[in-house]
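In the numbering used here, the protein residues as written are 15 to 328. Backbone N, C-alpha and C define an ideal beta-carbon position, used for all residues, glycine too.
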Amino acid sequence: MSSESANEDCIGWAARDPSGLLSPYKFSRRCCYCALDFHRTLDFVIGALMMIMGGRSLLLHVLVMLLLFMKPAIGFNSGVRGEANSRCIEKEREALLKFKQGLVDDYEHLNYLDLSYNDFKGSTIPKFIGHLTKLRYLGLSGASFVGSIPSQLGNLTNLQYLDLGQNGDFLYAEKLEWLSHLSSLRHLDMTDVNLSKASDWLQTINMLPSLSDLLFHGCQLSAVVVPPSLSFANSSASLAILNLPYNHLSSSIFRWLFNFSASLVHVDLSYNPLQGLIPDEFQNMKSLSHLLLSSNQLEGRIPNPLGISVLYKH
């Protein structure tokens with residue numbers, strides 16, 4: 015693409031903004047060239063949102079805040095390199111910030127946000143999402159997020175669905191106390207999130223009274239000793255799906271699991287170093303239909319209570 019058409023592409027922002035919302039977003043000729051791909055993508059998304067929302071600023075605000083938190087090395091296809099490229103990117107971030115300041119911070123209506131399978135190129139999850147307190151659904155799976163999960167997500171007390179899975183083990187949490195504030199949470203997926211240092215995971219899960227689906231697949235969970243004093247007063251009475259495969263759990267997990275005998279439908283404990291005899295208590299789980307215990311070191315007969323249709327033990 016020629017330099018003239020690149021510049022026209024950037025200048026076109028203002029021409030397609032009759033409300034003047036994008037007026038703070040001015041580009042230098044040089045920065046237009048180096049950030050062309052970024053501008054074209056942002057131009058399309060913001061333009062589409064402006065048409066859909068009819069001038070309402072909420073989704074634009076969310077979009078711009080996400081872009082501001084993306085790491086500077088966002089990856090531009092240009093001939094500008096080194097310090098000049100860094101200055102160029104920083105100018106565009108400053109322009110985005112000015113653009114954001116022109117939007118109304120309206121957090122009162124957004125209750126569904128799904129950013130799954132977008133490529134955020136190794137950015138951290140923005141802390142500002144914790145201000146979207148009306149959210150009931152938050153999907154951040156497979157979006158190339160890294161770093162520590164912000165505890166600000168614990169402010170989303172209306173959240174019913176949270177999916178942080180499939181970002182790889184570069185996304186991690188050393189403590190999960192913030193989860194205990196999400197009393198309305200029904201679905202929690204943290205597949206592949208590195209929880210090797212989150213020793214409080216079991217106590218935290220035990221404080222989610224509405225939880226139905228728990229997916230901690232491949233989270234590097236360490237073996238925990240379930241203390242006799244552990245209270246189940248606030249635990250869920252409706253936990254139906256429990257996926258804990260590919261972790262480092264010990265057989266002590268059974269004592270915790272059997273407190274949900276009345277509600278569990280699907281249990282996956284495969285690929286854990288579980289040892290000893292298979293507990294007879296499984297026969298008391300009348301709702302259980304799927305039990306996966308493959309690739310462990312368990313011995314004995316698998317109880318077969320009425321209703322279990324799929325059993326795996328290798």
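By DSSP's criteria, residue i is part of a beta bridge. Which residues make up the other side?
i	result
ASN286	Paired residue(s): none; ASN286 is not in a bridge.
SER250	In DSSP, SER250 forms no bridge with anything.
ILE255	ASP227, HIS280
ASN208	TYR186
LEU235	Looking at the DSSP assignment, LEU235 forms no beta bridge with any residue, so it has no partner.
PHE159	SER137
LEU170	Its beta-bridge partners do not exist; DSSP assigns none.
LEU202	LEU176, LEU228
LEU129	Answer is none; LEU129 lacks a bridge partner.
Helix, strand or coil for residue i? Go by DSSP, reduced to three states.
i	result
GLU313	strand
VAL298	For the sequence presented, residue 298 should be read as Asn rather than Val. If DSSP states are grouped into helix, strand and coil, ASN298 belongs with the helices.
TYR39	With a pLDDT of 43 at TYR39, under the threshold of 50, the modelled position of that residue is not reliable, and the figure given next carries that caveat. Of the three classes helix, strand and coil, the one that applies to TYR39 here is coil, per DSSP.
ASP51	Residue placement at ASP51 is poorly supported in this model, since its pLDDT is 44, which falls under 50; the coordinates are not used for a value here.
SER266	coil
SER165	helix
GLY153	strand
SER194	helix
THR147	coil
GLU218	Here residue 218 turns out to be Thr, not Glu, going by the sequence shown. THR218: helix per DSSP, three-state reduction.
LEU176	strand
LEU124	coil
PHE134	coil
SER308	coil
LEU271	helix
ASN91	Confidence is the limiting factor: at ASN91 the pLDDT is only 44, short of 50, which leaves the residue's position unreliable, though a coordinate-based value still follows. Three-state DSSP puts ASN91 in coil, outside helix and strand.
ASP57	Any reading at ASP57 is ruled out, since the residue's pLDDT is 48, under 50, leaving its predicted position unreliable.
Can you give me the Cβ contacts of residue i inside the same chain, cut-off strictly under 8 Å, excluding the 5 residues immediately before and after it?
i	result
ASP214	LYS189, LEU190, GLU191
LEU209	TYR186, ALA187, LEU190, TRP215, PHE230, CYS233, GLN234, LEU235
LEU127	VAL76, ILE143, LEU146, LEU149, TYR151, LEU152, GLY153
GLY314	LEU291, ILE292
State the Cα-Cα distance for the pair residue i and residue j, rounded to the nearest angstrom.
i	j	result
GLY179	GLY153	9 Å
ASN91	HIS262	Any reading at ASN91 needs caution, since the residue's pLDDT is 44, under 50, leaving its predicted position unreliable; the model's value is listed next. For ASN91 and HIS262, the distance between alpha carbons rounds to 43 Å.
ASN181	LEU271	27 Å
GLY290	HIS304	21 Å
LEU170	LEU196	7 Å
PRO223	ASN273	13 Å
ASN286	THR205	15 Å
GLN311	SER284	10 Å
ASN132	GLY168	23 Å
ALA251	LEU225	8 Å
PHE296	PHE134	43 Å
ASP203	SER264	21 Å
ASP294	ILE316	8 Å
PRO242	LEU288	20 Å
Take residue i and list the residues in its own chain whose beta-carbon comes closer than 6 Å to its own, dropping the five residues that flank it on each side.
i	result
SER249	ASN220
MET65	For MET65, the predicted model reports a pLDDT of 47, less than 50, meaning its position is unreliable; a value from the coordinates is still stated below. For MET65, where only same-chain residues beyond five positions count, there are no Cβ hits under 6 Å.
HIS201	TYR175, ASP227
VAL240	SER266, ARG269, TRP270
ASP282	ASN257, PRO259, LEU306
VAL14	Look at the range of the chain in this structure, 15 to 328, and you will see that residue 14 is not part of it.
GLY156	SER130, TYR131, GLN180
SER275	ASN298, MET299
ASP177	GLY153, SER155, ASP203
Grab me the residues of residue i's own chain with a C-beta within less than 7 Å of its C-beta, minus the 5 sequence neighbours each way, in chain order.
i	result
THR218	LEU190, GLU191, LEU193, SER194
PHE184	VAL160
LYS141	PRO164, GLN166
LEU278	LEU253, ALA254, LEU256, MET299, SER301, LEU302
ALA212	ALA187, GLU188, LYS189, LEU190
ILE139	LEU154, PHE159, ILE163, PRO164
LEU173	LEU149, ARG150, LEU152, LEU196, SER198, LEU199
Would a check of beta-carbon distances place residue i closer than 9 Å to chain C?
i	result
THR171	In the structure shown, chain C cannot be found, because there is only a single protein chain.
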